[in-house]
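Only one structure is covered here, and it is reproduced in the block below.
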Amino acid sequence: MSERFRSCSLDQPFLMPPSLQDWLPENHLARFIAEITAQLDLQAILRQYSRKDRRGAEGYHPVMLVRLLLYAYCVGEASSRKIEKATSEDVAFRYLAANQHPDHDTIASFRRQHLERLGELFTQGLGLCREAGLMKMGKVMLDGTKIAASASRRKNLDHAKMQLREEELKQKVAEMLRKAEATDAAEDGQYGKGKRGDELPAELADRQQRLKRIQEAKARLEERSQQRAEQAERERAEQKASGEAASDTQKKRWQRARAAAAEQHGHINLTDAESQLMKNGNVGGYVQGYNAQAAVLENQIIVAAEVSDEAGDKQQLVPMAAKVMEGLGSAPTALVADSGYFSEQAVTAESLKGMELLVAPDRTKPGEPLKANAPQGQAATQMREKLASEEWGPVYRLRKQTIEPVFGQIKESRGFRRFLFRGLQRVRAEWRIIALTHNLLKLFRHRSSENAILAVS
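Numbering (my numbering), first residue to last: 3 to 459.
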């Protein structure tokens, strides 16, 4: 039997240089990302590199780095080290990098420097979805999910422990400074050329940094406690204004809730002071993290993305509704949210007048008797009647099957369960990048299906 095989020698010479365009199939996601990046306005990033004197070595092109990062987030790979490795081992990454290999330091520095500008591309992504016909006016589903912060729960301290730790560090720093001064005086000539003899020991510098971090955390905790007290006062005023008499069960529930909130908000995390210890309702237990908010259309395009350091969703309805209108350019036909978003103050807010709201007052199903702690105001009664109607009841039931798969795609399929950055402002930008790439994946599949239909016809 004759053997007829194609040569597979690794030493096979190429008489012509290979083209990057030959490396991937026509309908590959990496090609789509390259095409999309070319359509984005990146001037806000490019302006950071303009120099009149044209001096300095040539750097990696920002467009190439944006391509790499967008594709990496699409496929669930946010590690700069793994992205660097992929530019050598993964054909798609190598294609997007134009066969260049930026090191992980370059990738990480670029992302850190331009994080907020990259997050702002979310709006441009919505524009691309609108051009493709994916931003049709309709119902919007709102929900939140807990995403872990880049911080450990073990770094949480209350005010008393921080006070104790601060005093201990002050004493140690003072002691080490005295020893350093004595050593400098005795060994001034032993430090060698170029040394002044008064450099701080590494251990002292580290403790001074920890002391500074604790002092900043204390100030942040005191500010947060003041904000919580003002919020509690507003809630009491709202209850009083509604004219309702609270039952004993309600009073006990509020007391437990306030006690739990006081205990939780009386702590602060030294690694990421703006993150919170939050109850993770879906899987149980607690997570040191943030409350990531998303509002999606029925086709699961994210039209608004925000992050809060509040564990609950009650304060998010009004600001998220404003972001939905900003993303859509007008009010949706209905804004749907679960009972976590309901409060008399929120659903009757002046800014939401004229918007069709479907926000369950509680988890009581139509036809079931109300629980003792269920809201009893006029807005709650009217909302229950609306959700029990044949017109709006089926619309509300679409919420769960529409938005929860979005969080599943982000957390399960792409693996984004923890933010890389720290601090509310930077975490917000990172969440918008995650939302942007979610929408780009939807747009990619939409275009692929359209091309498939055209090919068949």
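Just so you know, even glycine gets a beta-carbon here, dropped at the ideal spot from N, CA and C.
- Looking from the CA of D105, the closest CA among Q380, E432, L67, E37 belongs to L67.
- Between S345 and K373 a beta carbon distance of about 17 Å is seen, past the 8 Å cut, so the two are scored as non-contacting.
- The DSSP assignment places complete alpha helix (DSSP H) segments of no fewer than 4 residues inside the region 392-421 at 395-410, in order along the chain.
- The beta carbon of R449 is closer than 8 Å to those of F34, A134 in its chain, skipping five residues each way along the sequence.
- Counting only unbroken stretches of 3 or more residues, the beta strand (DSSP E) elements lying wholly within the region 334-398 are 336-339, 359-361, in sequence order.
- Here the C-alpha atom of A88 lies approximately 21 Å from the C-alpha atom of I412.
- Linking K138 to P15 through their CA atoms gives a straight-line distance of about 53 Å.
- As a beta-bridge residue in DSSP terms, K281 pairs with Y288.
- Between the alpha carbons of M280 and D311 lies a distance of about 9 Å.
- Around R386, the same chain offers P363 as residues with beta carbons nearer than 7 Å, after the five sequence neighbours per side are excluded.
- Contact between the region 413-432 and the region 117-131 is present, with at least three C-beta pairs closer than 8 Å.
- A distance below 8 Å between beta-carbons, with the five flanking residues on each side excluded, links T350 to the following residues of its chain, in chain order: A381.
- The continuous alpha helix (DSSP H) containing K87 extends over residues 82-91.
- Of the candidates A74, S415, A294, A294 places its Cα closest to the Cα of A150.
- The bridge partners DSSP lists for L144 are A297, A339.
- When the five nearest sequence neighbours on each side are left out, the beta carbons in the same chain lying within less than 8 Å of the beta carbon of R83 are those of H106, in order along the chain.
- Around the beta carbon of I85, a 10 Å sphere encloses 16 or more other beta carbons of the protein chains shown; the residue is thus reported as buried.
- If you draw a 10 Å sphere on the C-beta of Y51, you find fewer than 16 other C-beta atoms in it, and that means exposed.
- Residue environment for A324: exposed (fewer than 16 other C-beta atoms within 10 angstroms of its C-beta).
- Residues of the same chain with a CB within less than 7 Å of the CB of A313, apart from the 5 flanking positions on each side, are Q278, M280, K281, N293 in chain order.
- Within the same chain, Cβ atoms closer than 7 Å to the Cβ of M357 are found at A323, A333, L337, the five residues on either side in sequence being excluded.
- Membership of E308 in the beta strand (DSSP E) is indicated by the continuous run 304-310.
- For H269, the enclosing beta strand (DSSP E) starts and ends at 269-271.
- Contact check for T39 against L12 fails: the beta carbons are separated by 9 Å or more.
- Between R155 and Q290, the CB-CB gap stays under 9 Å.
- Using a 10 angstroms sphere on the CB of N271, the tally of other CB atoms reaches 16 or more, which defines it as buried.
- Judged by DSSP secondary structure, E133 falls within the alpha helix (DSSP H) whose first and last residues are 117-133.
- Note on geometry: alpha-carbon atoms of F446 and Q378 lie some 47 Å from one another.
- The C-alpha of E414 is placed about 29 Å away from the C-alpha of W25.
- A313 carries a coil assignment under DSSP once its states are collapsed to helix, strand and coil.
- Under DSSP, I149 shares a beta bridge with Y292.
- For P64, the secondary structure class from DSSP, reduced to helix, strand or coil, is helix.
- Non-local beta-carbon contacts of A437 in its own chain, meaning distances under 7 Å to residues more than five positions away in sequence, involve F124, A296, I304, A307 in chain order.
- Around the beta carbon of V93, fewer than 16 other beta carbons lie within 10 angstroms, which makes this residue exposed.
- Judged by their CB atoms, L354 and L299 are not nearer to each other than the 9 Å cut-off.
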